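Taking our numbering, the leading residue of the sequence shown gets 10, the next gets one more, and so forth.
Beta carbons: idealized from backbone N, C-alpha and C, even for Gly.
Predicted model only: the values in this text are computed from it and were never measured.
Take a look at the structure set out below.
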Amino acid sequence: MRQATMKGIETLVRESGAYVSRRVFSDADIYKNELENVFGRTWQFVAHDTQLPKSGDFLTTFMGEDPVLVIRQEDGSIRAFLNACSHRGPLLCMAEEGNAKSFSCPYHGWVFGADGTLLNVPREGGDGYHHQLDKGQWGLQSIRVESYKGLYFANFDPAAPSLRDYLGDFAWYLDAIFDPLPAGVEFLGGTMRQRLKCNWKIAAENIVADTYHVLAAHAVAVGVCMGDRGMQIGIEVGEKTDVDALGISATIDGHGWNANFDGQGIFGLFKDPAPWLAYVNRQRQRYIEHLGERRAWFVGSSIDGGVFPNFLFVPGFTFRQIHPKGPNECEIAMWTVVERDLPPDLKREMVRFNARMLGTSGMFETDDCANMERIAMTVNATQGSRRDSHYAMGLGRERERSDLPGLIDQRVSDTCFRGYYRRWAEFMQAESWREIPLAPRKLT
């Protein structure tokens, strides 16, 4: 049975998401409702095509707190199942990844095929079940899976719209990352994981659009990386007012995109940016032909953002998924994503860069994690939980544009935060998907 929808959400998320009660980051009842009303209804990333290249390849992940098993099938398709034995419910597969033709429950020995069917049951015959068990009714619980540009998402709700409709025009932005050239992209270097003592939304909002924190939180890290080259990662300082010169923030149905148009911003953080700039400049015309002039300039730029609620990306193309682990804890899974056409030496350098800067002990990551846990410390306190968090930067400045999808403002803005929490409130209040609006598609 679905958890009751939250009443009084309008007191938690006010003025179009500009002010959000800090209770949403600590309240146990709110968290329980999120697991049902947000994670039980949204499309959540479960795998990329390159993570499961062969038949029988599998990985384990989570949707909300539910463990999920994702498997490449013999016909090349990818399916997802609840990672729980259908007999009594123990965790079925404890490995993070691997290749297998079948999965045996460690408790009573029920065996399931890669397609989720129940293959074997100990004492199925006269010394146990007496041939009365209908194995066809006791396979693994299947989860709906759909894909976009090599990304596989899953959804528990059969009434949810298609993944393509869920993404809407946000797919126009995603293509600049996942479809820059016909060869596409690949996930490299395995999965990095870390636990944080904070609510999952605190970790998510740090990435979905928060470029405002870079100058203060990462001043030392940026100085070490760049010396006197200045802030070449797309955060401009000065009196510029033109939105495109400052970069943009865009929000669509809770999804967020935060980027500039310089085509090189991220490479300012590399010790030697020359090889990267040379590669991007060689490919520039191909980007333009494949993506069009406007989107082509996102490639190589500094980009933050994410697909609502918890699939996120940061400069250097470290992709992350934030898994909730209770109202005051979360786990972050991280991957490096590169173009398939990138030369091998640059692929290796990107993996090293992400580990050094954005990995579990990276220079930028340690700054962010410390601040996230500092937030958790105060929002869980009696007085701190009674305050609102402020997301009003740029309030009223968002505009629709004919050349870019979504509501648009300059890059350093709270536009994406407001869109994120408006969407969160819609899911928390809605009885079903019939009550959750989808923005009309204009460009895709």
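Presumed contact (8 Å Cβ cut-off) between residue i and residue j, rounded CB distance
i	j	result
ASN267	GLY314	5 Å
ASP66	ARG450	The Cβ separation is near 33 Å, so there is no contact.
ILE384	CYS207	6 Å
ASP262	ARG432	6 Å
Close Cβ partners of residue i (< 6 Å) along its chain, the five nearest in sequence each way excluded
i	result
ALA379	none
ALA401	ALA27
GLY415	ALA259, THR260, ILE261
VAL360	LEU197, GLY198, THR345
ARG304	ALA185
ALA448	GLY177, ILE261, ASP262
GLY118	PRO131
PRO318	VAL47, THR51
ASP188	LYS158
CYS102	THR69, LEU78, ASN92, PHE112
VAL316	HIS264
ASN164	TRP52, ARG153
Near the ligand NAD: residue i beta-carbon under 8 Å from a heavy atom
i	result
ALA342	Although the ligand NAD was asked about, the structure shown includes no ligands whatsoever.
Backbone CA spacing between residue i and residue j [nearest angstrom]
i	j	result
MET240	ARG408	Low confidence applies to MET240: its pLDDT is 47, below 50, so where it sits in the model is not reliable, and the reading given next is rough at best. MET240 and ARG408: Cα-Cα distance of roughly 27 Å.
ASN337	ASN290	45 Å
LYS158	TYR182	12 Å
ILE257	TRP209	25 Å
GLU358	GLY265	28 Å
PHE326	THR220	15 Å
SER8	ALA390	With the chain represented from 10 up to 453, any question about residue 8 goes unanswered, as that position is not in the structure.
LEU21	SER311	32 Å
ALA168	TRP442	7 Å
GLU106	ARG396	42 Å
ARG50	GLY73	10 Å
ILE152	TRP285	40 Å
PRO446	ALA185	25 Å
LEU321	ASP377	15 Å
ILE331	GLY134	45 Å
MET386	SER398	14 Å
GLU302	LEU128	53 Å
ALA123	GLN392	51 Å
PRO282	MET381	30 Å
ARG454	GLY371	With the chain represented from 10 up to 453, any question about residue 454 goes unanswered, as that position is not in the structure.
GLU214	LEU142	48 Å
HIS299	LEU413	17 Å
GLU83	PHE121	15 Å
THR200	TYR430	28 Å
GLU155	PHE71	16 Å
LYS110	HIS222	47 Å
PRO170	HIS139	43 Å
PRO353	GLY335	40 Å
GLY85	ASP136	39 Å
Sub-9 Å separation of residue i and residue j beta-carbons
i	j	result
TYR161	ALA89	yes
ILE39	ASP58	no
PHE362	PHE279	yes
GLN150	SER95	yes
TYR288	LEU351	yes
ASN108	LEU100	no
ILE216	VAL388	no
GLY148	GLY125	yes
ARG329	SER25	no
ASP270	TRP306	According to the sequence as given, residue 270 is Phe; it is not Asp. Yes, these two residues count as a Cβ contact at 9 Å.
ASP36	SER411	no
Cutoff 8 Å; reference residue i; Cβ partners in own chain excluding five residues on either side
i	result
ARG6	In the structure as shown, the chain begins at 10 and stops at 453. Residue 6 is therefore absent and cannot be evaluated.
LEU44	GLN12, GLY73, GLU74, PRO333
LEU61	PHE67, LEU68, VAL79, ILE80, ARG81, ILE87
CYS425	VAL217, ALA218, SER258, ALA259, THR260, GLY265, TRP266, ASN267, GLY314
ALA434	ILE18, GLU19, LEU21, VAL22, GLY26
ARG97	TYR116, HIS117
Cut-off 7 Å between Cβ atoms - residues of its own chain near residue i, not counting five sequence neighbours on either side
i	result
GLU374	LEU367, GLY368
GLU444	none
LYS356	LEU197, VAL347
PRO115	PRO99
- Message: With a threshold of 8 Å, are at least 3 pairs of Cβ atoms found where one atom belongs to the segment 401-417 and the other to the segment 287-296?
- Response: With the rule of 3 Cβ pairs closer than 8 Å, the segment 401-417 does not count as touching the segment 287-296.
- Query: Quick check: the segment 187-195 against the segment 167-174, are there 3 or more CB pairs under 8 Å?
  - Reply: The segment 187-195 is not in contact with the segment 167-174.
- Give a yes or no on contact between the segment 74-93 and the segment 341-356, applying the rule of three or more CB pairs nearer than 8 Å. Because the criterion of three Cβ pairs below 8 Å is not met, the segment 74-93 and the segment 341-356 do not touch.
- Message: Quick check: the segment 29-38 against the segment 46-56, are at least 3 beta-carbon pairs closer than 8 Å?
- Response: The segment 46-56 and the segment 29-38 do not touch, with fewer than 3 CB-CB distances between them shorter than 8 Å.
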